[in-house]
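Peer 1: Sharing a structure with you now.
Numbering (the numbering used here), first residue to last: 1020 to 1093.
Below, the structure written as structure tokens:
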């Protein structure tokens, strides 16, 4: 139930996502979380800030890559 409580706590953020569909992939070995708001992303610009990479297609956010995800979640 604790895992579900964490998802419930994140609902306000999930409902404000830039897309109604979200794809999430996690690479445990690299500790990288990939969040896509569009598949394929077809990003044509990226900005890295604070171990996060924001992917844009024509100035619209289409994905986020979170480096060192476990550390950020702690």
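Idealized CB from N, CA, C, for every residue including glycine. Note that this is a predicted model, so its numbers are computed, not measured.
Using C-beta distances below 6 angstroms, list every residue in its chain close to residue 1060, excluding the 5 sequence neighbours before and after it, in chain order.
Peer 2: In chain order, 1074, 1081 and 1082 place their CB closer than 6 angstroms to the CB of residue 1060, counting only its own chain and leaving out the 5 sequence neighbours on each side.
Peer 1: Under three-state DSSP, which class holds residue 1047?
Peer 2: coil
Peer 1: Counting beta carbon pairs with one atom in the segment 1023-1031 and one in the segment 1040-1054, are three or more of them shorter than 8 angstroms?
Peer 2: no
Peer 1: Do residue 1050 and residue 1087 have their CB atoms nearer than 8 angstroms?
Peer 2: Result yes, Cβ atoms of residue 1050 and residue 1087 sit closer than 8 angstroms.
Peer 1: In this structure, does DSSP put residue 1064 in helix, strand or coil?
Peer 2: strand
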